[in-house]
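What follows is a single structure, written as structure tokens, with notes after it.
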Amino acid sequence: MPFPVSISFPPPRDLELVGPPNVRSSIRERPKGLWRGRVTNKPSNIPDRKEKSPHIISSDPDDDSAASSSGCPAHHYRPTKRLKTDSDSDSTDPDDDNVYYWDFARQRSAEPVDHHRLGEGSARNSRCRTSDVTRAKYIVVSSIARGASMDLQQQQSQQERTTCDLDDWELLKDLFARAAENYEGNDHPEALPLLRGVMHECHRFLTFYPDPSVLFTSSTPPPSPDEKYKGRMWSSSSSSGSKEFHRKDPKCTCFTELPTAFHALLGTALFLFGNIIAQEPSLALEGEPTSPIPYWLASLDVFETGENLPSRTSGDKPTDLPEDWRMAIVWGRSLVCLAEELVNRQSQAKDQGRDPTSVSLDIEEPKWPVESPFHAIAAQRQPITRRMTFNTATPNELLTLAMDQFSRGIFHMPHPQSASRLSPAVLTSSSSSANTSTQIPTLNPVSSPNVATTTSSFGAGPSASTSTSSTSTSSLFSLSGPGSDDSFSRAKQLYTIASEVLHIAEKLESTEERQHWANWADSVLNQMKMEATTAVDMDDVWRSGILRSRGRCRLIVGSAYAEEVEAAQERGEVGVLRREEAEDARSDLVLAIELFERARAKGQEKEKENETDSDRDIDEELTTLLTEALVTLANLTEDPKEREKLYARAKAEAGSDMDLDLDGEGEEEDDDDDDDDDVKMDESH
């Protein structure tokens, strides 16, 4: 039976009488005062833009006029504490040590705003900040183990700060940029209070937002047909222009910053704080741990929390978001620091006659007060975290976890089209440092060698500083969104990673583990060598540093093989030097000697009158490494004549003023003998 059409389908409408809607008449005039509070973000807990934190002080006398001329509302900020004058220099108020008065200037760009990337509400707010604005802010820099002890006026001001907004986020990034700059300049007494201020501000964010990324992430509305048409017209008209306009980016660009930007900032601040405490425990305030382990563990907790944010796991956001490679790199470096700390503790236990395997990391933490940032971090920690396994983890297991993060960070690390001039500062410090894992490479943009001009991506404007070291804020700590950094150098980041892993590989007890991680560091250095060859102005200092580090890798691998061969010789095994392990050891040692000699040749091309103390230290280090490689290779050489030649080269490298004990049997030296008998060599094999 056919289905009754009259029941299924209603009568068709007469569409010919319906005209197109009048677009002009359908749009009402926007009431004044309402647009300012409108946002396009989906979360319902976005703060009202009319509410301003009273801890921001506007000290620009032209704020009202500038705001009125641009159509933006004028905001008045009430200070929380007056500026300390000279008459207050003798004040003994303990609150003065808990509050840091920070007066800074920010240059806002007047470029057109992309509404679809920023969101309409954020774009409106960005247009209001197109003039020079000078602001001041009181930052709490008290112990992060407890809250600040403030007077009644500050307590009242803190109670009025009932929300955080985009301005607070921009100021937080500015503060972190200043702290990172002081850290890289080795100004630890100045960097530490700023890092405390960063953590207290992050704690304030976490009290209002379990996921602070709702402040700076917004979905992109789908483009209209007119916008698509304009985009195609622009692409076709600019085909002969810059390649930037028709470069295809498969990743999502709908966020001004990555959702993990806040947690990357807080975790990196904890990582830097732990590095400073590891070098100078006396800088810790009352209640703060004097061991760096709690800070590194807290940074791992923050990174893991950021990795599992609802904005990343709920499915509401695009799945092709760019990976936060900076967070992955610092994540891996924190694990390397923990592994090195565990290796040092095991070495101390061995020296004291205790079993090194019984030593573990102390992952227990005290009960932090509610006012402490550590309390907020622990409250947001996942029920099951990696740190629960650290109590029984070995250094090799920690390095394996670090390698996973490094691999992810290196894979997603950008490849700049044009490399900046490579600074040799990191090469002269990382290779011979007693604690390489705390070293951060300095970045020099293409500029005058004595003036470093940096443009921080934290929201601060360009600033110029004159320095003989010409250091600038590392792009590793530039936690902004998917924008490019002119001072970024992939080679520097790779060198930092390889140097830290190589430093700890030398300390591992197991020969197999030393071989594995030295080979891994060598593979990273190989990538760095390929990246460095693309630099236009790369000098021989960088080439020498790469060769020297690669030589250390091959020396570690060859020495590990040599230990196995010597152990077999001590057991009385026959034909040990003809085994495959001995052949592999000789190959690695020959390559190490070749790399060291090439590094020395590159370094000697520098004029002697320009030689510095660091250059002389590098020469001494090369001599020591080359001597060690020659002696080890001689001990594994089966031909007596070749072995004697290698011993003679080692003695010539060591010099007469160095005690080169090659016999290993504690034989007494005869001062009356000739030079050939000064160094006794064990020729048995």
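Numbering (this note's numbering), first residue to last: 380 to 1064.
No residue lacks a Cβ here, since even glycine has one placed at the ideal position from N, Cα and C.
- The alpha-carbon of CYS716 is positioned some 42 Å away from that of VAL953.
- Going by DSSP, THR1011 is part of the alpha helix (DSSP H) stretching over 992-1014.
- Around GLY576, the same chain offers TYR479, ILE518, VAL519, VAL520, LEU554 as residues with beta carbons nearer than 7 Å, after the five sequence neighbours per side are excluded.
- The beta carbon of GLU580 sits closer than 6 Å to those of LEU551, all from its chain and outside the five residues before and after it, given in chain order.
- Taking the Cβ atoms as the reference, VAL738 lies roughly 5 Å from ARG724, within the contact range of under 8 Å.
- Pairwise C-beta distances place the region 651-668 out of contact with the region 730-737, as fewer than three of them are shorter than 8 Å.
- Contact between ARG927 and ALA870 does not hold, since the beta-carbon distance rounds to 15 Å and is not under 8 Å.
- Around the C-beta of PRO572, 16 or more other C-beta atoms lie within 10 Å, and the residue is accordingly described as buried.
- Assigned with DSSP and collapsed to three states, VAL520 falls in coil, not helix or strand.
- Counting along the chain, VAL577 sits inside the alpha helix (DSSP H) bounded by residues 567-587.
- When the beta-carbon positions are compared, PRO671 and GLU720 come within less than 9 Å of each other.
- In this structure, DSSP gives THR639 a state outside helix and strand, which the three-state scheme calls coil.
- Around the beta carbon of GLY930, 16 or more other beta carbons sit within 10 angstroms, so the residue counts as buried.
- By the Cβ neighbour-count rule, SER902 is exposed, with fewer than 16 other Cβ atoms within 10 Å of its own.
- Annotation: the continuous alpha helix (DSSP H) that includes HIS882 extends over 869-884.
- DSSP places ALA663 outside any alpha helix (DSSP H), giving it a letter other than H or E.
- Short of 8 Å from the beta carbon of GLU888, and not among the five residues preceding or following it, lie these beta carbons of its own chain, in chain order: GLN725, PRO735.
- When DSSP states are grouped into helix, strand and coil, LYS1020 belongs to the helix group.
- In the same chain as LEU662, and ignoring 5 residues on each side of it, the C-beta atoms closer than 6 Å to its own belong to LEU571, in chain order.
- Straight-line measurement puts the Cα of ARG933 at about 50 Å from the Cα of ASP547.
- A direct Cα-Cα distance of roughly 44 Å separates ASP996 from ARG525.
- Straight through space, the alpha carbons of GLU960 and ALA897 are spaced by roughly 17 Å.
- Residue range 959-983 is occupied by the alpha helix (DSSP H) that includes ASP963.
- Your pair ALA718 and LEU778 checks out as a contact, with CB atoms roughly 5 Å apart and the cut at 8 Å.
- Straight across, the Cα-Cα distance linking TYR874 with GLY951 is about 42 Å.
- Under the three-state reduction of DSSP, LEU679 is assigned to helix.
- DSSP, reduced to helix, strand and coil, places VAL593 within a helical segment of the structure shown.
- Of the other Cβ atoms in all chains shown, fewer than 16 fall within 10 Å of the Cβ of ASN687; this residue is therefore exposed.
- DSSP places TRP704 in the uninterrupted alpha helix (DSSP H) bounded by 704-730.
- DSSP places SER670 in the coil class of the three-state scheme, outside both helix and strand.
- For MET792, there is no enclosing alpha helix (DSSP H), as DSSP marks it with neither H nor E.
- For ALA946, the secondary structure class from DSSP, reduced to helix, strand or coil, is helix.
- For GLU952, there is no enclosing alpha helix (DSSP H), since its DSSP letter is neither H nor E.
- GLN784 is classed as buried because its beta carbon has at least 16 other beta carbons within 10 Å across all chains shown.
- For THR692, the uninterrupted alpha helix (DSSP H) run begins and ends at 689-692, by DSSP.
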